[in-house]
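To keep things clear, I will list the structure first and then write my remarks on it.
There are 2 protein chains.
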Amino acid sequence: MPKPNQYALILGGGRGTRFWPRSRRRNAKQVLSVAGERTLIQATVDRLAPLVPPERIWVMTNEYLRAEIARQLPEVPAGQILAEPAQRNTAPAIGLGAVVLQSIDPDAVMGVFPADHVIGKPRQFLRYVRSAYREAEKGSLMVLGLQPRWPETGYGYIEMPNGTEPGSLNPQKVVGFREKPDLATAKRYLAAGRYFWNAGMFFWRADVFLAALRRHLPKCATLLSALPAFGSRPFRSQVQRAFPVCPNVSVDFAILEKANNVMGLACGDFGWSDVGSWDAVYELLPKDGERNVSRSGLLAVASRGNYVDAGDKLVALLGVDDLIVVDTPDALLVARRDRAQGVGELVKLLERRRREDLL
Amino acid sequence: MPKPNQYALILGGGRGTRFWPRSRRRNAKQVLSVAGERTLIQATVDRLAPLVPPERIWVMTNEYLRAEIARQLPEVPAGQILAEPAQRNTAPAIGLGAVVLQSIDPDAVMGVFPADHVIGKPRQFLRYVRSAYREAEKGSLMVLGLQPRWPETGYGYIEMPNGTEPGSLNPQKVVGFREKPDLATAKRYLAAGRYFWNAGMFFWRADVFLAALRRHLPKCATLLSALPAFGSRPFRSQVQRAFPVCPNVSVDFAILEKANNVMGLACGDFGWSDVGSWDAVYELLPKDGERNVSRSGLLAVASRGNYVDAGDKLVALLGVDDLIVVDTPDALLVARRDRAQGVGELVKLLERRRREDLL
Chain A
24 MPKPNQYALI LGGGRGTRFW PRSRRRNAKQ VLSVAGERTL IQATVDRLAP
74 LVPPERIWVM TNEYLRAEIA RQLPEVPAGQ ILAEPAQRNT APAIGLGAVV
124 LQSIDPDAVM GVFPADHVIG KPRQFLRYVR SAYREAEKGS LMVLGLQPRW
174 PETGYGYIEM PNGTEPGSLN PQKVVGFREK PDLATAKRYL AAGRYFWNAG
224 MFFWRADVFL AALRRHLPKC ATLLSALPAF GSRPFRSQVQ RAFPVCPNVS
274 VDFAILEKAN NVMGLACGDF GWSDVGSWDA VYELLPKDGE RNVSRSGLLA
324 VASRGNYVDA GDKLVALLGV DDLIVVDTPD ALLVARRDRA QGVGELVKLL
374 ERRRREDLL
Chain B
24 MPKPNQYALI LGGGRGTRFW PRSRRRNAKQ VLSVAGERTL IQATVDRLAP
74 LVPPERIWVM TNEYLRAEIA RQLPEVPAGQ ILAEPAQRNT APAIGLGAVV
124 LQSIDPDAVM GVFPADHVIG KPRQFLRYVR SAYREAEKGS LMVLGLQPRW
174 PETGYGYIEM PNGTEPGSLN PQKVVGFREK PDLATAKRYL AAGRYFWNAG
224 MFFWRADVFL AALRRHLPKC ATLLSALPAF GSRPFRSQVQ RAFPVCPNVS
274 VDFAILEKAN NVMGLACGDF GWSDVGSWDA VYELLPKDGE RNVSRSGLLA
324 VASRGNYVDA GDKLVALLGV DDLIVVDTPD ALLVARRDRA QGVGELVKLL
374 ERRRREDLL
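Protein chains in written order, with our numbering: chain A, 24 to 382; chain B, 24 to 382.
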């Protein structure tokens, strides 16, 4: 049974530039159907439904995306889809969410979920989420740790106590947070068995989080707690002034690394992927006999291991292997699959060239 | 001074499937701006202008292309742009042209020119053309031979007498025609120095050609000479019946290999290319510092030696080398440059799949 004080705050303000040219400011990764029929943010809401109905879903996004997200999530009340006045990383965004939720329900327990991940086994996932909400109710700052599947250098790690068993539903005290490691360290983490990927999924009572914010990020806490009542006209104007003054910092770094009431779940596999690049999408989707993945009509001759996404257009490949081909009406990307991480750099180049039309 | 009995018959009925997806049935290679601002057929007419004014230019094409060619060549009288009732290779097409020209001018001397070649040095070219028309006037079947630049296996060769000097304006008796050789033979031809590429450029009096046709391809000659007067309504209907019955054969094979009055010019370099593939276009055009050729906006990172043609669209390349990328509204080609010859095979696959919309 969904508990009436359980809320979800979905963080949907990222850009996902590595999905350019499909992703744009007004069409970011989370509102794209990257790995299925539903968009990533729709799938995020769908999978939470058994625990958190749409009436208790809140979304923190930005002005570029608010209208599109509201369109994609008709079941979520439009007033619960908020736009950050500026990008200030996760600590201020979650702080603002906590202020709003606490004003609505002083007993609110909030789960924080990224809007742009894929979770292949949602029922497994919900077992951990249920346990995490329960632990949060008791006053902990709860994090989900994911069992690492390879020595990834692109994620932060959560160090759990010796002897931690992945897959247990019993929360344990977190030993510490480790920033993105180099490869040697990541390999050591993987071998040690007690380091877990930090996937940015958190659970806490709004009041507990705000107390931690007051202690560890007092400037931000003061700015946010001074806001008028949520929904009032003065709220709207004052949040525009206060929010951009908040420090630009992640909740991991600003709060979780410092607090002493942080608990974690060492989750087993629930088919998680942050689908960080076109190559990750390629890996997720079913392949044909030549290991090609095509979301368009494809005519492939002597071509293997390609990812093709060109809408209704026919794509003909001749003698090419391991490419990403993504076509849009105004921009076309052709990249080597093992360079897919570099697509974000292309977007930075476009910014430098002031190609606003393509961002 | 242009001589008033010199005519040009431009053969513009080919498809150029190796330029798919840019080339289509209604948009074949000769009506594309493959290597410059002007289309290939426009450039063909332009370069002949000093010798053959538009009033004496005739074009043999097909029903798919006639309207587009007429649009591109407003200076050529529309009635001189003819559509073959069927594809029957060059012998019947030139035969029909000769019948028409002779009916207009019994002294007509016709030059036959492919519509889809590039000639980089038109003034050099015209020196040979002028000499060829002169020789044709005397009653020879004249061909241009091009000094080979590599052991090409895709062209037929013209064998000239021992001691032939490339670049001479003096016609010589042709020893024989050689079909497309294998590589070893092509290398031998190149070393021997007296074999020249047959580029499909011919010159003869219309009456001399029709005499040769009567002798060597009598069925075709009979069918064509029985046609009513050119331009009459009965002509139009009877040519529809007669032409498709003509043998499907090239003028080289049917006439030139057999006739004994064939003369040739061993031309020096006049910048000729048949631009047989996207790779040939790549070779023709100027390159940037990374050896890329782009006819669109290009953002290239760690990418070298690519040919990019996507209209107004920006193309971003990341970590890819030596590709052909050609984008159109309904089809996109990504091919390895050294496989560019195989693009025609893709078109055959599309035909087999009955993708008429893409042909």
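Glycine is no exception: its CB is placed at the ideal position from the N, C-alpha and C atoms. Being a predicted model, the structure only gives us computed values, none of them experimental.
Taking 8 angstroms as the CB-CB limit, is residue 343/A close to chain B? Against the first sequence, residue 343/A aligns to sequence position 320. Chain B contact via Cβ: present.
How would you list, in chain order, the residues of chain B whose beta-carbon sits under 9 angstroms from the beta-carbon of residue 51/A? The residue you call residue 51/A lines up with position 28 of the first sequence. Residues of chain B with a Cβ closer than 9 angstroms to the Cβ of residue 51/A do not exist, since the nearest Cβ in that chain sits about 18 angstroms away.
Under 9 angstroms Cβ-Cβ, which residues of chain B neighbour residue 348/A? Your numbering for residue 348/A matches position 325 in the first sequence. Within 9 angstroms Cβ-Cβ: 348, 355 and 357.
When 216/A, 369/A, 232/A and 311/A are compared against residue 189/A, the one with the closest alpha-carbon: Taking the first residue of the first sequence as position 1, residue 189/A is located at position 166. Checking every option, the nearest Cα to that of residue 189/A belongs to 216/A.
If you count every other CB in all the chains shown that lies within 10 Å of the CB of residue 85/B, and 16 or more means buried, which is it? Residue numbering aside, residue 85/B sits at position 62 when the second sequence is read from its first letter. Residue 85/B comes out buried.
Report the option in 179/B, 280/B and 196/B whose CA atom is closest to the CA atom of residue 223/B. Taking the second sequence and counting its residues from 1, the one referred to as residue 223/B is at position 200. The shortest Cα separation from residue 223/B among 179/B, 280/B and 196/B belongs to 179/B.
List, in chain order, every chain A residue whose beta-carbon is nearer than 9 angstroms to that of residue 368/B. The residue labelled residue 368/B in the question sits at position 345 within the second sequence. Within 9 angstroms Cβ-Cβ: 324 and 341.
Pair within 8 angstroms by beta-carbon distance, residue 349/A and residue 332/A: By one-based count along the first sequence, residue 349/A stands at place 326. By one-based count along the first sequence, residue 332/A stands at place 309. In this structure, residue 349/A lies near residue 332/A, with their beta-carbon atoms less than 8 angstroms apart.
Under 7 angstroms, CB to CB, which of the residues in the stretch 136-163 of chain B have a partner in chain A? Within the stretch 136-163 of chain B, no residue has a Cβ that lies closer than 7 angstroms to any Cβ of chain A.
Just the C-alpha distance for residue 292/A and residue 219/A, rounded to the nearest angstrom, thanks. Within the first sequence, the letter at position 269 stands for residue 292/A. Within the first sequence, the letter at position 196 stands for residue 219/A. Looking at the two C-alpha atoms, the distance is approximately 11 angstroms.
Residues sharing a beta bridge with residue 364/A, DSSP: One-based indexing of the first sequence puts residue 364/A at position 341. DSSP output for residue 364/A lists no bridge partner at all.
Check whether chain B comes within 8 angstroms of residue 303/A, counting only Cβ atoms and requiring the distance to be less than that. What you label residue 303/A is simply residue 280 of the first sequence in a count that begins at 1. Not one chain B Cβ lies under 8 angstroms of residue 303/A.
Using a Cβ cut-off of 8 angstroms (strictly closer), state whether residue 312/B contacts chain A. Along the second sequence, read from residue 1 onward, the residue named residue 312/B stands at position 289. Output row for residue 312/B: interface = no.
Excluding the 5 residues preceding and the 5 following residue 22/A in the sequence, name in chain order all residues of the same chain whose CB lies nearer than 8 angstroms to its CB. Outside the shown range of chain A (24 to 382) lies residue 22/A, about which nothing can therefore be said.
Since residue 132/B meets chain A, which of its residues come closer than 9 angstroms, beta carbon to beta carbon? The residue given as residue 132/B occupies position 109 in the second sequence. At a C-beta separation below 9 angstroms, residue 132/B has no neighbours in chain A, since its nearest C-beta there lies roughly 44 angstroms away.
Once you ignore the five residues that flank residue 185/A on each side, which residues in its own chain have a CB closer than 7 angstroms to its CB? In the first sequence, residue 185/A corresponds to position 162, counting from 1. For residue 185/A, the CB contacts under 7 angstroms within the same chain, skipping 5 residues up- and downstream, are 217 in chain order.
What ranges does the beta strand (DSSP E) occupy inside the stretch 83-119 of chain A, keeping only unbroken runs of at least 3 residues that lie completely in it? You should have 104-106.
In three-state DSSP terms, what is residue 288/B? Position 265 of the second sequence, counted from the start, is the residue given in the question as residue 288/B. Strand.
Closer than 7 angstroms by beta-carbon distance: list the chain A residues that pair up with residue 336/B, in chain order. Counting from 1 along the second sequence, the entry for residue 336/B is found at position 313. Within 7 angstroms Cβ-Cβ: 353, 354 and 355.
Against chain B, with Cβ distances strictly below 8 angstroms, would residue 39/A count as a contact? If you number the first sequence from 1, residue 39/A lands on position 16. Among the residues facing chain B, residue 39/A is not included, as its CB has no counterpart in that chain under 8 angstroms away.
Inter-stretch contact at 8 angstroms, needing at least 3 Cβ pairs: the stretch 355-373 of chain A / the stretch 294-308 of chain A: The answer is yes - the stretch 294-308 of chain A touches the stretch 355-373 of chain A, with three or more Cβ pairs under 8 angstroms.
Among residues of its own chain, excluding the 5 on either side of residue 236/B, which ones have a beta-carbon nearer than 7 angstroms to its beta-carbon? Position 213 of the second sequence holds residue 236/B. Counting only residues of its own chain and dropping the five nearest sequence neighbours on each side, residue 236/B has a CB closer than 7 angstroms to the CB of 118, 243, 244 and 278.
Tell me the start and end of each unbroken beta strand (DSSP E) in the stretch 143-209 of chain B that is at least 3 residues and wholly inside, in chain order. For the stretch 143-209 of chain B, whole beta strand (DSSP E) runs of length 3 or above, ordered along the chain, are 164-169, 180-182 and 199-201.
Name the two residues that bound the continuous alpha helix (DSSP H) containing residue 257/B. Reading the second sequence from its first residue, position 234 is the one you call residue 257/B. For residue 257/B, the enclosing alpha helix (DSSP H) begins and ends at 256-265.
Taking 8 angstroms as the cut-off, decide whether the C-beta atoms of residue 228/B and residue 132/B are in contact. Working through the second sequence from its first residue, we reach residue 228/B at position 205. Working through the second sequence from its first residue, we reach residue 132/B at position 109. A contact, by the Cβ cut-off of 8 angstroms.
Can you tell me whether DSSP reads residue 293/B as helix, strand or coil? In the second sequence, the residue the question calls residue 293/B occupies position 270. Three-state DSSP puts residue 293/B in coil, outside helix and strand.
Validate contact between the stretch 33-51 of chain B and the stretch 136-155 of chain B using beta carbons, cut 8 angstroms, 3 pairs: The stretch 33-51 of chain B is in contact with the stretch 136-155 of chain B.
Put residue 43/A into one of helix, strand or coil per three-state DSSP. Stepping through the first sequence from its first residue, residue 43/A is reached at position 20. In the structure shown, residue 43/A sits in coil (DSSP, three-state: anything other than H, G, I, E or B).
Looking at residue 268/B: is its Cβ nearer than 8 angstroms to the Cβ of residue 166/B? If you number the second sequence from 1, residue 268/B lands on position 245. If you number the second sequence from 1, residue 166/B lands on position 143. Residue 268/B places its beta carbon 8 angstroms or farther from that of residue 166/B.
Under the three-state reduction of DSSP, which class applies to residue 319/A: helix, strand or coil? As a working mapping, residue 319/A is identified with position 296 in the first sequence. Coil at residue 319/A, not helix or strand.
Segment contact flag, the stretch 254-270 of chain A with the stretch 149-167 of chain A, C-beta cutoff 8 angstroms, min 3 pairs: No, because fewer than three Cβ pairs between the stretch 254-270 of chain A and the stretch 149-167 of chain A fall closer than 8 angstroms, the two stretches do not touch.
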